[in-house]
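According to numbering that gives the first Met the number 0, the sequence shown is numbered sequentially starting from 0.
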Amino acid sequence: MCNLEQFKIDLKGMKTDEEHLEFDLHDDFFHALDTSEVNSGALHVSVSIRKAIGFFELQFHIEGTVKVPCDLCLDDMDQPIEAERLLVAKLGPETNTEDDDVVIVDENEGILDTAWLIYEFIALAIPIKHVHAPGKCNSAMTQKLQELSGAVRSGEEDDKEVDPRWEKLKNLKV
0 MCNLEQFKID LKGMKTDEEH LEFDLHDDFF HALDTSEVNS GALHVSVSIR KAIGFFELQF
60 HIEGTVKVPC DLCLDDMDQP IEAERLLVAK LGPETNTEDD DVVIVDENEG ILDTAWLIYE
120 FIALAIPIKH VHAPGKCNSA MTQKLQELSG AVRSGEEDDK EVDPRWEKLK NLKV
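The following block contains the structure:
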């Protein structure tokens, strides 16, 4: 089981103006978050934290692969992921993560939990369309898809010929 505590960053406890953290994510990370979109993968995350006057700048670099279903054959496929994200964290009266680029961290705690943020960065980096390389799809599934798509077309043509009322309406156009 993945320990999500390692993703909590103590911003108030930073001893230097710059820190660098690295994480390796595997299936247990996604299972610990109990997510539905991404359940497995192997990724490397590096986070650079720079302390400035009044805010913290966090630069995330994520690289690796996640398993997603192919849109054509539904078999799992490895989808390469590479993402760069910049996040600004400020200390405030209460935690607020509603803004995409600026996060307010409770100044009494001073701890930023980046686990869910990292997951969101990964999910947003997945392309809308994910399809195997040509020739790599499950051949049985693609063959069945072609058979069924041909059957639907021939069925539509049969429906057009069955109803004689439509033929009389076509005569009105001429």
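Quick reminder that beta carbons are idealized off the backbone N, C-alpha and C, glycines included.
Beta-carbon proximity list for residue i, same chain, < 6 Å, skipping 5 on both sides
i	result
L32	Y118
V101	V87
S47	H19 and Q58
C1	D27, F28 and A31
D105	E93 and T94
N137	C72 and D74
Three-state secondary structure assigned by DSSP to residue i
i	result
L42	strand
E166	helix
E18	strand
K143	helix
C1	coil
K7	strand
Inter-residue CB distance, residue i and residue j (contact presumed, cutoff 8 Å)
i	j	result
N38	F28	Incorrect: roughly 10 Å between the Cβ atoms, too far for contact.
L42	I121	7 Å
I8	I110	7 Å
Neighbourhood of residue i by C-beta distance below 8 Å, restricted to the same chain and skipping five residues each side
i	result
F6	F22, D112, T113, A114 and I117
P68	D74, D75, M76 and H129
Neighbourhood of residue i by C-beta distance below 7 Å, restricted to the same chain and skipping five residues each side
i	result
T34	Y118
Identity of the residue in the options nearest residue i by Cα
i	options	result
I80	I48, V130 and E62	E62
P133	K169, D162, L71 and D99	L71
G40	R49, Q78 and K128	Q78
E36	V65, A139, K11 and A51	V65
E83	L123, Q142 and D16	L123
G53	L10, S138 and L171	L10
The ligand ATP heavy atom lying under 7 Å from the CB of residue i
i	result
N170	With respect to small molecules bound, the structure shown includes none, and the ligand ATP cannot be examined in it.
- request: Enumerate, from N- to C-terminal direction, the unbroken beta strand (DSSP E) stretches of 3 or more residues contained entirely within the region 55-129.
  value: 75-91, 101-105 and 110-112
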